[in-house]
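Residue numbers (my numbering): 1310 to 1715.
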């Protein structure tokens, strides 16, 4: 006979939570005379559901003889309060920690600064916290310092970025390449390209080596401002420093060439990528496809779409639409029909505005079978009923039939 397996007892923590879950019970445990370990204290505050009770409960915990401050407890309370946007309570807890001369880690301040920057949308408070870190016997790491710079650049507070950058030595921060990349990005966004280039020359003096991100940021600014040739000069300088161009660099240069209608050069640059060990990504294909379509090179664009499909990349709906319209405009109906089928196979639904162009071209070129085949392709995917699709086609089919009868 098989022996019955005795049911396992629940762990004490789960038994406790399943039995009692109200805030009064957990807060009441702070008045017990039993010794509370740091983990038990964490459990109490993890189970208090009402965030407005956290600070008052913490004061009661501080009055206990067994209270010992720890970062895990402060972190949990501050995370809970921040998620409810009770930032005044957060400030109260920090004031208590400072009075206790408690020493937090850099990771604690990193999370706190992110909270002020992202959750509270209060960059000034994030900067204030960065500058206050030494008062808690904690010096900011390069990671924390760079986060503040990045936050300010994203919020376009460029004037403040320089002030924070100059405080690096006072805060004991060692600048790295990432820091300079953030500054270069900010200066380019602010339109101060000359200052950004100056930083490129300043980096080696600070013991930092520019990388591909540094150069790609500068090249992107030049291409967006119609200075593609200067961007190529910068690319040559980068390669002389043994920095290998990545797909981002190629995408920037290809987009710049296409923007100036230098599509043939862009296509040649695209073809040079793989021999140099850099493989195009979906962004590369899409940028080049947009350039080919805007310059009226529809046959070349069709070939690129086939390459994308071979690489299992998906052109967008608007690209398909522009390509079909373009092929119809140059009477390449066979190619347009092929692209339409590719579009349907990819899951896109041909829409009504595409119908007249295809049908008028089919009628013009005398393709009755093509017209019927197109109706067949669309019968399952067409957003309108099949009968309406045939109704649209009927006048063109009749015109073709009459023409052939003559």
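All C-beta atoms in this analysis are idealised placements derived from N, C-alpha and C, irrespective of residue type, glycine included.
* Asked: How big is the Cα-Cα spacing for residue 1642 and residue 1636?
  -> Position 333 of the chain shown, counted from the first residue, corresponds to residue 1642. Position 327 of the chain shown, counted from the first residue, corresponds to residue 1636. Spanning the two alpha carbons is a distance of roughly 7 Å.
* **residue 1564 (DSSP reduced to helix, strand or coil)** => Within the chain shown, numbered from 1, the residue matching residue 1564 stands at position 255. If DSSP states are grouped into helix, strand and coil, residue 1564 belongs with the helices.
* **Own chain, CB closer than 8 Å to residue 1362, minus 5 neighbours either side, in chain order** => Here the question's residue 1362 lines up with position 53 in the chain shown. If we look at residue 1362 and ignore the five residues flanking it on each side, its Cβ neighbours are 1332, 1336.
* **N-terminal and C-terminal residue of the alpha helix (DSSP H) that residue 1613 is part of** => The residue you call residue 1613 lines up with position 304 of the chain shown. Annotation: the continuous alpha helix (DSSP H) that includes residue 1613 extends over 1607-1619.
* Asked: Is the stretch 1583-1603 touching the stretch 1612-1620 in the sense that three or more CB pairs, one from each, lie closer than 8 Å?
  -> They touch, by the three-pair rule.
* Under the assumption that residue 1561 contacts residue 1528 (Cβ atoms under 8 Å), give the Cβ distance between them as a whole number of angstroms. => Locating residue 1561 in the chain shown gives position 252, counting from the first residue. Locating residue 1528 in the chain shown gives position 219, counting from the first residue. Contact holds; Cβ gap of about 5 Å.
* residue 1567 beta carbon less than 8 Å from that of residue 1599 -> In the chain shown, residue 1599 corresponds to position 290, counting from 1. In the chain shown, residue 1567 corresponds to position 258, counting from 1. Against a cut-off of 8 Å, the Cβ pair of residue 1567 and residue 1599 comes out as a contact.
* To do: Give the secondary structure of residue 1443 by DSSP, where H, G and I count as helix, E and B as strand, and everything else as coil.
  => Within the chain shown, numbered from 1, the residue matching residue 1443 stands at position 134. In the three-state DSSP reduction, residue 1443 falls in the helix class (H, G or I).
* Asked: Where does residue 1483 sit, in a helix, a strand or coil, going by DSSP?
  -> Along the chain shown, one-based indexing puts residue 1483 at 174. It is coil, neither helix nor strand.
* residue 1434 to residue 1454, Cα distance in whole Å? -> In the chain shown, the residue the question calls residue 1434 occupies position 125. In the chain shown, the residue the question calls residue 1454 occupies position 145. Computed Cα separation, rounded: 14 Å.
* Mind reading off the beta-carbon distance from residue 1417 to residue 1392? Whole number of angstroms is fine, and I expect it under 8 Å. => Counting from one through the chain shown, the residue named residue 1417 turns up at place 108. Counting from one through the chain shown, the residue named residue 1392 turns up at place 83. In fact, because the Cβ distance is near 16 Å, the residues do not count as touching under 8 Å.
* How close, in whole Å, do the beta carbons of residue 1447 and residue 1415 come, if the pair is a contact with beta carbons under 8 Å? -> By 1-based counting over the chain shown, the position of residue 1447 is 138. By 1-based counting over the chain shown, the position of residue 1415 is 106. Taking 8 Å as the upper bound for CB-CB distance, residue 1447 and residue 1415 are in contact here, some 6 Å apart.
* **Cβ-based neighbour list, residue 1497, same chain, cut-off 8 Å, excluding 5 preceding and 5 following** => For the purposes of this step, residue 1497 is taken as the residue at position 188 of the chain shown. Closer than 8 Å at Cβ, skipping near neighbours: 1505, 1526, 1527, 1529, 1530.
* Among residues of its own chain, excluding the 5 on either side of residue 1591, which ones have a beta-carbon nearer than 7 Å to its beta-carbon? -> By one-based count along the chain shown, residue 1591 stands at place 282. For residue 1591, same chain residues with a beta-carbon under 7 Å away, outside a window of 5 residues either side, are 1622 in chain order.
* To do: Using 10 angstroms around the beta-carbon of residue 1589, count the other beta-carbons present and answer buried if the total reaches 16, otherwise exposed.
  => As a position in the chain shown, residue 1589 is number 280, starting the count at 1. Under this definition residue 1589 is a buried residue.
* Asked: Does the Cβ of residue 1518 have 16 or more other Cβ atoms within 10 Å, making it buried, or fewer, making it exposed?
  -> Position 209 of the chain shown, counting from 1, holds the residue named residue 1518. Per the 10 Å Cβ criterion, exposed.
* Asked: Grouping DSSP H, G and I as helix and E and B as strand, with all else coil, what is residue 1506?
  -> As a first step, residue 1506 must be located in the chain shown, where it is residue number 197. Reduced to three states, the DSSP call for residue 1506 is helix.
* To do: Could you spell out where the alpha helix (DSSP H) holding residue 1448 opens and where it closes?
  => Position 139 of the chain shown, counted from the first residue, corresponds to residue 1448. Taken as a continuous stretch (DSSP letters only), residue 1448 belongs to no alpha helix (DSSP H), as it is neither H nor E.
* Integer Cβ distance of residue 1351 from residue 1382, believed to fall under 8 Å -> Within the chain shown, residue 1351 is the residue found at index 42, counting from 1. Within the chain shown, residue 1382 is the residue found at index 73, counting from 1. Rounded, the Cβ-Cβ distance is 6 Å, consistent with contact.
* Given residue 1574 as reference, the closest of 1601, 1379, 1476, 1611 once Cα atoms are compared -> Numbered from 1 along the chain shown, position 265 holds the residue referred to as residue 1574. Ranked by how close their Cα comes to the Cα of residue 1574, the residues 1601, 1379, 1476, 1611 have 1601 in first place.
* **Proximity below 8 Å, CB of residue 1444 to CB of residue 1407** => The sequence position of residue 1444 within the chain shown is 135, counting from 1. The sequence position of residue 1407 within the chain shown is 98, counting from 1. The answer is yes: Cβ separation under 8 Å.
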